[in-house]
Amino acid sequence: MKHILSRRGALGLALAGAASPALAQQTGFPTRAVTIIVPFPPGGATDLIARPYGAAMQRHWNQSVVLQNRGGAGGALGMNAGATARPDGYTGVIAHVSYSSIPAADTLFQRPASFERASLAPIALLTADPLIIVVKADAPWRSFQDFAEDARRRPGQIAYGSSGPYSAVHLPFEMLAHAGGFRLNHVPYSGGGPAITAVLGGHVAATASTAAVMAPQIRSGAMRALVNTGARRVALLPDVPTALELGLAEVEFYLWVGIFSQPATPAAEREAWRQATAAVAKDPEMLRQLEAAGLELDHRDGRAFQDFLDADFKRVEAAVNRIGRVE
């Protein structure tokens, strides 16, 4: 059975200046396959959310939902592909923190925009995972305070590995260094996986990733967690304190994932996406798959999602500007 907007949902659209209830019911959106563009290669962190979400939307709509991975340029290629897709509601776009970091870096370098935030219209936040800062288990630092004190004594001598300049690992480390009054040596790698390998091999002292990625390394005894960059502790690693708990008031960072559409998409179709996403936020199979991957759903839409995006951009832009140009 195809998804039809409820009377309550259609009334909401009318109040928002969208299509009338009768028209919304007649369209019965979607009437054919839907595509979701994932602007990163298969197997990455975004896929862990995109695939269960796409499957849940397919069950909800009883229409094919096809995930299309289009990686490159830190996410800019795929997000631009989604932004320029036909605005008929049949192409959604997954985005993450690069939605904030790419425009901030472009402005810093005074270069033509490779991606603009206004080219995508927010529908809903799906997850917002803090980063877990880790070191090798035999490292001398038993806590983040130990790490920070040593870094202050030896400015620029402790190296950490990231997934590249202005990446979701580079930014939170520099936030921590700024708030803690120390300086580290940034060593960029081609991705988060190689950075983790570099820590295990003793080539750099620290790196970061989500709790889902780092928990197996921590539980196996290979790595030690020092701090969490979110506003609260995560269930998967409840003993890891947040930077905010440690008095680093400026440090809050998330590797978030959300769903977007084109700004010119008709209001009725955008509302259908929003309502469907709210419905699948309760989908037991999707929730089971996210839990198995160590992820927590953090569904927000409307004003709540926009407020989250605005706060995220403000934090990321400030961090990018503090870092300065990294060629």
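Residues 726 to 1052, numbered by our numbering, are exactly what the sequence shown covers, in order. Even glycine gets a Cβ: it sits at the ideal position worked out from N, Cα and C. Computed from a prediction, not measured in an experiment: that's the story for all the values here.
Name the residue from L850, A923, R999 whose alpha carbon lies nearest to the alpha carbon of Q1031. As a working mapping, residue 1031 is identified with position 306 in the sequence shown. When only C-alpha atoms are compared, the closest one is L850.
Tell me the rounded alpha-carbon separation between D871 and A864. Along the sequence shown, one-based indexing puts residue 871 at 146. Along the sequence shown, one-based indexing puts residue 864 at 139. Going from the Cα of D871 to the Cα of A864 covers about 11 Å.
Going by other Cβ atoms of all chains shown within 10 Å of its Cβ, with 16 needed for buried, is F834 buried or exposed? Here the question's residue 834 lines up with position 109 in the sequence shown. Exposed is the call here.
In the segment 747-821, which residue ranges form an unbroken beta strand (DSSP E) of at least 3 residues, counting only runs that do not cross its ends? 759-763, 790-794, 816-821
Which two residues bound the contiguous beta strand (DSSP E) that contains Y824? In the sequence shown, counting from the first residue as 1, residue 824 sits at position 99. Segment 823-834 is the alpha helix (DSSP H) holding Y824; no beta strand (DSSP E) there.
Assuming L962 and A950 are in contact, meaning their beta carbons sit under 8 Å apart, how far apart are those beta carbons, in whole angstroms? On the sequence shown, position 237 is the one that residue 962 refers to. On the sequence shown, position 225 is the one that residue 950 refers to. Indeed, because the Cβ distance is near 6 Å, the residues count as touching under 8 Å.
Given a cut-off of 7 Å on the beta-carbon distance, is the pair A884 and V929 in contact? Against the sequence shown, residue 884 aligns to sequence position 159. Against the sequence shown, residue 929 aligns to sequence position 204. Yes, the pair counts as a contact, with Cβ atoms nearer than the cut-off.
Pair within 7 Å by beta-carbon distance, H821 and V1005: As a first step, residue 821 must be located in the sequence shown, where it is residue number 96. As a first step, residue 1005 must be located in the sequence shown, where it is residue number 280. The answer is no: Cβ separation not under 7 Å.
Going by the DSSP bridge assignment, what does T932 pair with across the sheet? On the sequence shown, residue 932 is found 207 positions in, with the first residue counted as 1. Beta-bridge pairing links T932 to V859.
In terms of residues, what are the limits of the alpha helix (DSSP H) holding W998? Within the sequence shown, numbered from 1, the residue matching residue 998 stands at position 273. Taken as a continuous stretch (DSSP letters only), the alpha helix (DSSP H) holding W998 covers 992-1005.
Which same chain residues, not among the five before or five after A1044, have their C-beta less than 7 Å away from its C-beta? Position 319 of the sequence shown, counted from the first residue, corresponds to residue 1044. Same-chain partners within the cutoff: L896, E899, M900.
For I1048, report the span of its alpha helix (DSSP H) as first-last. As a position in the sequence shown, residue 1048 is number 323, starting the count at 1. Residues 1027-1048.
A943, DSSP secondary structure in three states: Along the sequence shown, one-based indexing puts residue 943 at 218. Sequence inspection shows Ile at residue 943; the Ala mentioned does not correspond to that position. The answer is helix: DSSP assigns I943 an H, G or I state.
Between A940 and G1019, which are expected to be in contact by the criterion C-beta below 8 Å, what is the C-beta distance as a whole number of angstroms? Your numbering for residue 940 matches position 215 in the sequence shown. Your numbering for residue 1019 matches position 294 in the sequence shown. The pair is a contact, with the Cβ atoms about 6 Å apart (cut-off 8 Å).
Starting from the Cα of V759, find the closest Cα among T816, G926, M804 and give me that residue. Here residue 759 is taken as the residue at index 34 of the sequence shown, counted from 1. Of the candidates T816, G926, M804, the one whose C-alpha sits nearest the C-alpha of V759 is T816.
Taking 8 Å as the threshold, find out whether the segment 788-797 comes into contact with the segment 842-860 through three or more Cβ pairs. no
Rounded to whole angstroms, what's the CA-CA distance from Y979 to G753? Just pull it up for me. Along the sequence shown, one-based indexing puts residue 979 at 254. Along the sequence shown, one-based indexing puts residue 753 at 28. The straight-line gap from Cα to Cα measures roughly 36 Å.
Where does S887 fall in DSSP's three states? For the purposes of this step, residue 887 is taken as residue 162 along the sequence shown, with counting starting at 1. Residue state, collapsed to three classes: strand.
Kindly give me the distance between the Cβ atoms of A846 and S986, rounded to whole angstroms, as I take these residues to be in contact under 8 Å. As a position in the sequence shown, residue 846 is number 121, starting the count at 1. As a position in the sequence shown, residue 986 is number 261, starting the count at 1. A846 to S986, Cβ: 5 Å. Contact.
Got a sec? Which residues, its chain only, sit under 8 Å from T967 by beta carbon, not counting five neighbours each side? For the purposes of this step, residue 967 is taken as the residue at position 242 of the sequence shown. P855, V952, N953, T954, G955, A956, R957, R958, listed in sequence order.
If you measure between the beta carbons of R908 and P890, is that distance less than 7 Å? Along the sequence shown, one-based indexing puts residue 908 at 183. Along the sequence shown, one-based indexing puts residue 890 at 165. Result no, Cβ atoms of R908 and P890 do not sit closer than 7 Å.
Check whether the Cβ atoms of M782 and F840 sit closer than 7 Å, and answer yes or no. Translated into positions along the sequence shown, residue 782 becomes position 57. Translated into positions along the sequence shown, residue 840 becomes position 115. The answer is no: Cβ separation not under 7 Å.
Cβ-based burial, S915 [other Cβ within 10 Å; buried from 16]: Counting from 1 along the sequence shown, the entry for residue 915 is found at position 190. The residue is exposed, with fewer than 16 neighbouring Cβ atoms inside 10 Å.
T954 by DSSP, collapsed to three states: which one? Walking along the sequence shown from the start, residue 954 turns up at place 229. DSSP places T954 in coil when its eight states are reduced to three.
For A838, does the three-state DSSP call read helix, strand or coil? Here residue 838 is taken as the residue at index 113 of the sequence shown, counted from 1. Here A838 sits in coil by DSSP.
Which residue or residues does DSSP assign as beta-bridge partners of D854? What you label residue 854 is simply residue 129 of the sequence shown in a count that begins at 1. In DSSP, D854 forms a bridge with L980.
Am I right that G796 and P764 are in contact with their C-beta atoms under 8 Å? What's the rounded C-beta distance? Here residue 796 refers to the residue found at position 71 of the sequence shown. Here residue 764 refers to the residue found at position 39 of the sequence shown. Confirmed, Cβ separation roughly 6 Å.
How many angstroms separate the CA atom of V1041 from the CA atom of L1034? The residue given as residue 1041 occupies position 316 in the sequence shown. The residue given as residue 1034 occupies position 309 in the sequence shown. Rounded to whole angstroms, V1041 to L1034 spans 10 Å at the Cα level.
Alpha-carbon to alpha-carbon, A1029 and Q942: Position 217 of the sequence shown holds residue 942. Position 304 of the sequence shown holds residue 1029. The straight-line gap from Cα to Cα measures roughly 34 Å.
Considering only C-alpha positions, which residue in the set I848, G918, R878 is nearest to A770? Taking the first residue of the sequence shown as 1, we reach residue 770 at position 45. Among I848, G918, R878, the Cα nearest to that of A770 is on G918.
Between which two residues does the beta strand (DSSP E) containing V912 stretch? Mapped onto the sequence shown, residue 912 falls at position 187. Note, V912: beta strand (DSSP E), 910-913.
By Cβ distance below 6 Å, which residues in the same chain neighbour T990 in space, the five residues on each side in sequence not counted? By 1-based counting over the sequence shown, the position of residue 990 is 265. Excluding residues within five positions, the ones whose Cβ falls inside 6 Å are P812, G814.
For A936 and A993, what's the separation of their Cα atoms in angstroms? By 1-based counting over the sequence shown, the position of residue 936 is 211. By 1-based counting over the sequence shown, the position of residue 993 is 268. Approximately 37 Å, taken between the alpha carbons.
Using 8 Å for Cβ pairs, my map puts D1026 next to I848. What's the rounded Cβ distance? By 1-based counting over the sequence shown, the position of residue 1026 is 301. By 1-based counting over the sequence shown, the position of residue 848 is 123. Their Cβ separation, rounded to whole angstroms, is 7 Å, which keeps D1026 and I848 in contact under 8 Å.
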